[in-house]
Ligand code: GLP
């Protein structure tokens, strides 16, 4: 694991954007795995700036998002489709047909999940997967005690996650209780992984992910077994790590 500790959220975002920018520069038809949540918003802003300054071109990039709530329409303000539209896609020149996000509004979930996996495979596989991390160690929506072998599937969100995500909804009752998420197997098959974390609330879980045992209770700990992981942290989220960091 390559661990980069930055001073603050802005620096974390700039460093992470530079990693994605080099990926696209070296391989203009890169397959990007993208994440939602507050953490990558600053990185997306930086990427938008680079695009506006003509430093980056997304016209041949393909994207696959990690997850989507189950039961929310794509147009819902809180859907991850909408999140990605607002925070990245409408501001850059990625082609609509090159954007992939699980459809959380289907009846046949099994087919949706199989198709998603097939599309990732047929695209040649994800070159770089962006991840945030939940305070309970989830990546995507792979909640604690996940089966490490799972591919894209329907998950039941834990109470912690429902509570954490209720900040975006007008009441906790409106937060979906299920989601479709790439599984740990899907994530681990990405060629590279870029995980971002910031803020003191993530310090314990960041420590567990990097220094703890690899356990299904901390889904992100499996990343210790991936051979190309870059973790970009701010000072606060890195507070429990004392050595082996740059
Ligand atoms: C969400 C998402 C994750 C994200 C995590 C942390 O529930 N499904 O992909 O990494 O929670 O969110 P935040 O970045 O807002 O702390």
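In the working numbering, the protein residues as written are -16 to 229.
Think of the CB as a built atom: it goes at the ideal place given N, C-alpha and C, for glycine as much as any other residue.
All values reported here derive from a predicted model rather than from experimental measurement.
Integer-rounded CB distance, given that residue j should sit under 8 angstroms from residue i
i, j, result
"residue 139", "residue 161", "6 angstroms"
"residue 176", "residue 143", "So it is not a contact: roughly 23 angstroms between Cβ atoms."
"residue 26", "residue -1", "4 angstroms"
"residue 14", "residue 109", "5 angstroms"
"residue 50", "residue 204", "Incorrect: roughly 19 angstroms between the Cβ atoms, too far for contact."
"residue 202", "residue 122", "6 angstroms"
"residue 43", "residue 215", "The Cβ separation is near 25 angstroms, so there is no contact."
"residue 179", "residue 22", "5 angstroms"
"residue 47", "residue 76", "Contact doesn't hold; Cβ gap of about 18 angstroms is too wide."
Simplified DSSP state of residue i, which is helix, strand or coil
i, result
"residue 25", "helix"
"residue -8", "helix"
"residue -16", "coil"
"residue 74", "helix"
"residue 136", "strand"
"residue 45", "strand"
"residue 180", "strand"
"residue 83", "strand"
"residue 116", "coil"
"residue 175", "strand"
"residue 188", "helix"
"residue 227", "At residue 227, the pLDDT of 46 sits below 50, so the modelled position is not reliable; the number obtained from the coordinates is stated separately. Coil."
"residue 0", "helix"
"residue 141", "coil"
"residue 30", "helix"
"residue 36", "coil"
Any non-hydrogen atom of the ligand GLP within 8 angstroms of residue i CB
i, result
"residue 18", "yes"
"residue 111", "no"
"residue 21", "yes"
"residue 116", "yes"
"residue 129", "no"
"residue 124", "yes"
"residue 139", "no"
"residue 162", "yes"
"residue 185", "yes"
"residue 147", "yes"
"residue 55", "no"
"residue 177", "no"
"residue 71", "no"
"residue 49", "yes"
"residue 136", "no"
"residue 121", "yes"
"residue -11", "no"
"residue 46", "no"
"residue 169", "no"
"residue 43", "no"
Of the residues the options, the one placed nearest residue i, counting alpha carbons only
i, options, result
"residue 91", "121, 53, 67", "53"
"residue 70", "132, 17, 191", "17"
"residue 101", "134, 118, 122, 79", "134"
"residue 20", "158, 213, 66", "66"
"residue 171", "113, 195, 200", "113"
"residue 24", "11, 159, -4, 10", "-4"
"residue 220", "132, 213, 190, 59", "190"
"residue 105", "83, 159, 72, 93", "83"
For residue i, the residue or residues it bridges with in DSSP
i, result
"residue 217", "-11"
"residue 50", "164"
"residue 16", "47, 112"
"residue 125", "122"
"residue 212", "176"
Residue-level contact to chain D via CB, residue i, 9 angstroms cutoff
i, result
"residue 124", "Chain labels in this structure do not include chain D; a single protein chain is all it has."
Any non-hydrogen atom of the ligand SAM closer than 8 angstroms to residue i Cβ
i, result
"residue 144", "What this structure holds is the ligand GLP, not the ligand SAM."
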